[in-house]
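Below is one structure; the comments refer to it alone.
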Amino acid sequence: MEWVWENFSTIWGYTLDHIGLSVPPIIVGFVLSIPLGYWTSKSRVARSVLLTIFSIFYTLPALVLFVLVPVALGLSILDPNNVIVALTIYAIAIMIRTANDAFASVSPDVRESARAVGYSAVQRFFRVELPLAGPVLLAGIRVVSVSTVSLATIGGFIGIPSLGSLFLTGFQIQFFPEIWSGIIAVLIIAGVFDLILVGLGRLLLPWNRRASRRRAARMAAQAVTA
Amino acid sequence: MNLILQGFAWIFDGSHWVTTSTSAGIGPALVQHLILTGISLVITAIIGLPIGFYIGHFGKGRSAAILTSNALRALPSVGLLTVLILAIPFIKGIPGSYLADVIVFVLLGLPSMLAGAYAGLESVDRQTIDAARAIGMTEWQILTKVEIPLGAQLILGGIRSTTLQIVATVTIASFLTQVTLGTFIIDGLNQNNYVKMIGGAILVAALALLLDGILALVQRFASPRGVSRGTTKDKRNTARGATHASTQPRTPITEGN
Numbered sequence: 001m002e003w004v005w006e007n008f009s010t011i012w013g014y015t016l017d018h019i020g021l022s023v024p025p026i027i028v029g030f031v032l033s034i035p036l037g038y039w040t041s042k043s044r045v046a047r048s049v050l051l052t053i054f055s056i057f058y059t060l061p062a063l064v065l066f067v068l069v070p071v072a073l074g075l076s077i078l079d080p081n082n083v084i085v086a087l088t089i090y091a092i093a094i095m096i097r098t099a100n101d102a103f104a105s106v107s108p109d110v111r112e113s114a115r116a117v118g119y120s121a122v123q124r125f126f127r128v129e130l131p132l133a134g135p136v137l138l139a140g141i142r143v144v145s146v147s148t149v150s151l152a153t154i155g156g157f158i159g160i161p162s163l164g165s166l167f168l169t170g171f172q173i174q175f176f177p178e179i180w181s182g183i184i185a186v187l188i189i190a191g192v193f194d195l196i197l198v199g200l201g202r203l204l205l206p207w208n209r210r211a212s213r214r215r216a217a218r219m220a221a222q223a224v225t226a
Numbered sequence: 227m228n229l230i231l232q233g234f235a236w237i238f239d240g241s242h243w244v245t246t247s248t249s250a251g252i253g254p255a256l257v258q259h260l261i262l263t264g265i266s267l268v269i270t271a272i273i274g275l276p277i278g279f280y281i282g283h284f285g286k287g288r289s290a291a292i293l294t295s296n297a298l299r300a301l302p303s304v305g306l307l308t309v310l311i312l313a314i315p316f317i318k319g320i321p322g323s324y325l326a327d328v329i330v331f332v333l334l335g336l337p338s339m340l341a342g343a344y345a346g347l348e349s350v351d352r353q354t355i356d357a358a359r360a361i362g363m364t365e366w367q368i369l370t371k372v373e374i375p376l377g378a379q380l381i382l383g384g385i386r387s388t389t390l391q392i393v394a395t396v397t398i399a400s401f402l403t404q405v406t407l408g409t410f411i412i413d414g415l416n417q418n419n420y421v422k423m424i425g426g427a428i429l430v431a432a433l434a435l436l437l438d439g440i441l442a443l444v445q446r447f448a449s450p451r452g453v454s455r456g457t458t459k460d461k462r463n464t465a466r467g468a469t470h471a472s473t474q475p476r477t478p479i480t481e482g483n
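Just so you know, the protein sequences line up as chains A and B, in that order.
FYI, in my numbering the residues of the first sequence are 1 to 226.
FYI, in my numbering the residues of the second sequence are 227 to 483.
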């Protein structure tokens with residue numbers, strides 16, 4: 001415990017680095033997955049092509065992607081952007097499938113009714129399909145958030161500052177408090193992000209408060225398998 | 227791109243396959259990688275499948291399992307790996323690191339394995355199970371002759387995610403203790419030898435894709451004939467939307483590699 005107070009500024013610095021590595025992938029991954037998932041839910045070709053490509057990316061271990069992304073983009077191996085790009089790819093890989101399922105689950109009857117009362121395609125998307133897909137999308141981004149925060153630690157192993165750096169140095173000097181403080185900091189970040197997402201969900205999807213809890217639990221269960 | 231070609235050239239150079247005084251060989255590293263993955267996968271299955279089947283068959287302990295799975299998923303695997311490797315010293319001849327590695331791989335693989343097993347059982351049409359019970363099948367027969375075959379797709383999906391998860395974590399273990407395919411990535415990084423690093427990355431990628439491809443094939447042929455996948459209604463705990471979604475064959479997505 002003493003060590004934690006003495007080195008608080010170091011831990012805090014890595015925590016900020018870690019947040020900097022994980023927030024952009026979560027947001028960009030979510031924003032890109034919505035149109036992509038909508039597209040795959042409409043087009044069979046898009047579905048087979050995009051879902052296959054991203055499931056191949058997802059098959060690659062994070063370490064591999066962290067090494068291959070800089071080669072593909074011509075960045076330095078120690079550039080934090082490598083980790084951000086790689087984590088964004090993973091985020092899309094999880095989220096595109098959830099978004100696809102979410103939009104596919106909007107009942108065709110509802111969609112037809114919206115058309116019948118005169119909604120344009122754009123209105124229908126924003127006022128009918130997106131809100132109905134909302135709870136499932138929320139469950140998806142929560143999974144993305146947890147996994148991104150956890151994966152960002154691996155950046156520390158290839159020399160990109162994050163809370164994972166504490167694991168590596170702690171291991172090298174065989175010092176438990178350093179490793180534990182890293183693990184706990186990761187759990188706290190993941191927890192705070194999750195609370196923020198749930199809060200945003202309450203704010204943006206007020207109609208779904210009671211039903212969503214059950215459904216979110218189910219989606220979480222499915223996300224584990226899906 | 228040129229670097230990637232050089233990475234392939236590095237792999238196909240026979241001299242890199244044997245261990246020398248200065249560098250580990252690809253051959254032994256690959257063997258070690260496969261052994262660690264295999265042992266961990268088998269242990270994970272031995273622990274995870276029965277628990278998953280229990281939860282799926284009786285519908286008990288589901289929320290506890292989900293909670294545990296989610297908590298385990300939030301834990302950074304590499305952090306857990308470092309702690310356990312330091313914490314478990316040598317136990318009766320087995321180098322401690324080996325044991326610690328396997329324990330971590332199993333812990334990390336369990337959530338997907340469990341989830342696949344109970345989701346597989348839950349995906350079976352309730353009416354089918356009732357029918358099986360009505361014609362006099364015992365609970366054990368229902369489990370082994372109805373639920374497991376019908377849920378095989380999802381159960382294998384869980385095994386598939388678990389495998390990927392373990393292959394990825396075994397790669398990272400090279401940073402700490404084991405000589406695995408990840409060793410070339412870390413050595414290349416430390417020696418500023420990018421060709422070696424990329425060669426290692428290509429090897430890991432190839433292994434992951436190969437294992438996943440094999441399991442995907444197994445998964446495809448696992449459903450009993452005459453069962454069209456995912457067309458059942460009246461599933462326990464399944465909303466209309468989710469039923470629709472599950473009509474598409476699923477490929478597993480795992481967390482935390």
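Heads up, the beta-carbon is just placed ideally off N, CA and C, and yes, glycines get one too.
Being a predicted model, the structure only gives us computed values, none of them experimental.
Helix, strand or coil, according to DSSP, for residue i in the structure here?
i	result
Phe103 (chain A)	helix
Leu75 (chain A)	coil
Asn419 (chain B)	coil
Gln404 (chain B)	coil
Pro450 (chain B)	coil
Pro80 (chain A)	helix
Gly285 (chain B)	coil
Ile11 (chain A)	helix
Arg476 (chain B)	In this prediction, Arg476 (chain B) has a pLDDT of 46, which is less than 50 and means its spatial position is unreliable; what the coordinates show is noted afterwards. DSSP places Arg476 (chain B) in coil when its eight states are reduced to three.
Pro337 (chain B)	helix
Met363 (chain B)	coil
Ser120 (chain A)	coil
Pro24 (chain A)	helix
Ser349 (chain B)	coil
Gly253 (chain B)	helix
Gly159 (chain A)	coil
Note the first and the last residue of the continuous alpha helix (DSSP H) segment covering residue i.
i	result
Ala360 (chain B)	Arg352 to Ala360
Thr294 (chain B)	Arg288 to Ala300
Leu197 (chain A)	Phe176 to Leu204
Asn228 (chain B)	Asn228 to Phe238
Glu2 (chain A)	Glu2 to Glu6
Gly383 (chain B)	Ile374 to Ala399
Thr246 (chain B)	Unbroken run through Thr246 (chain B): none, as it is neither H nor E.
Pro108 (chain A)	Pro108 to Ala116
Gly140 (chain A)	Leu130 to Leu151
Ile310 (chain B)	In the sequence under discussion, the amino acid at residue 310 (chain B) is Leu, which differs from the Ile named in the question. Start and end: Ser303 to Ala313.
Leu50 (chain A)	Arg44 to Thr59
Leu166 (chain A)	Gly164 to Gln172
Measure the C-alpha to C-alpha separation of residue i and residue j and round it to an integer number of angstroms.
i	j	result
Val350 (chain B)	Gln367 (chain B)	14 Å
Ala290 (chain B)	Ile96 (chain A)	28 Å
Arg47 (chain A)	Ile385 (chain B)	24 Å
Leu151 (chain A)	Tyr90 (chain A)	10 Å
Val330 (chain B)	Ile314 (chain B)	11 Å
Ala235 (chain B)	Ile77 (chain A)	21 Å
Phe279 (chain B)	Leu380 (chain B)	12 Å
Gly426 (chain B)	Gln391 (chain B)	18 Å
Asp413 (chain B)	Val67 (chain A)	13 Å
Leu293 (chain B)	Arg142 (chain A)	14 Å
Lys318 (chain B)	Ile311 (chain B)	The predicted position of Lys318 (chain B) is uncertain, since its pLDDT is 49 and thus under 50; a value taken from the coordinates is nonetheless stated next. Cα-Cα distance, rounded: 16 Å.
Val69 (chain A)	Asp17 (chain A)	19 Å
Take the Cβ of residue i as the centre, count every other Cβ of all protein chains shown within 10 Å, and call the residue buried at 16 or more, exposed below.
i	result
Asp356 (chain B)	exposed
Asn228 (chain B)	exposed
Leu228 (chain A)	No answer is possible for residue 228 (chain A): it lies beyond the span of chain A, which begins at 1 and ends at 226.
Asn418 (chain B)	exposed
Lys286 (chain B)	exposed
Gly377 (chain B)	buried
Thr40 (chain A)	buried
Pro302 (chain B)	buried
Val244 (chain B)	exposed
Asp239 (chain B)	exposed
Phe284 (chain B)	exposed
Phe167 (chain A)	buried
Ala72 (chain A)	exposed
Query raised in the report: For the region 435 to 454 of chain B against the region 264 to 281 of chain B, are there 3 or more C-beta pairs whose distance is under 8 Å?
Result: no
Query raised in the report: Are the region 428 to 441 of chain B and the region 369 to 376 of chain B touching by the rule of at least three beta carbon pairs closer than 8 Å?
Result: no
**Report entry** At least 3 beta-carbon pairs within less than 8 Å: the region 322 to 335 of chain B vs the region 300 to 308 of chain B
**Finding:** Cβ pair count under 8 Å is three or more, so yes.
Query raised in the report: Are the region 73 to 92 of chain A and the region 20 to 27 of chain A touching by the rule of at least three beta carbon pairs closer than 8 Å?
Result: Counting Cβ pairs under 8 Å, three or more are found: they touch.
Query raised in the report: Are at least three pairs of beta-carbons, each pair with one atom in the region 392 to 412 of chain B and one in the region 60 to 72 of chain A, less than 8 Å apart?
Result: yes
Query raised in the report: Between the region 405 to 417 of chain B and the region 249 to 266 of chain B, are three or more C-beta pairs nearer than 8 Å?
Result: yes
Report task. Taking 8 Å as the threshold, find out whether the region 119 to 132 of chain A comes into contact with the region 165 to 176 of chain A through three or more Cβ pairs. Result -> no
Query - Sufficient close CB pairs (3 or more, under 8 Å) joining the region 22 to 42 of chain A to the region 94 to 109 of chain A - result: yes
Query - Sufficient close CB pairs (3 or more, under 8 Å) joining the region 106 to 118 of chain A to the region 127 to 141 of chain A - result: Judged by Cβ distances under 8 Å, the region 106 to 118 of chain A makes contact with the region 127 to 141 of chain A, as three or more pairs qualify.
Requested in this report: Would you check if there are 3 or more beta carbon pairs closer than 8 Å linking the region 151 to 160 of chain A to the region 294 to 301 of chain B?
Outcome: Under the 8 Å Cβ criterion, the region 151 to 160 of chain A does not count as touching the region 294 to 301 of chain B, having fewer than three qualifying pairs.
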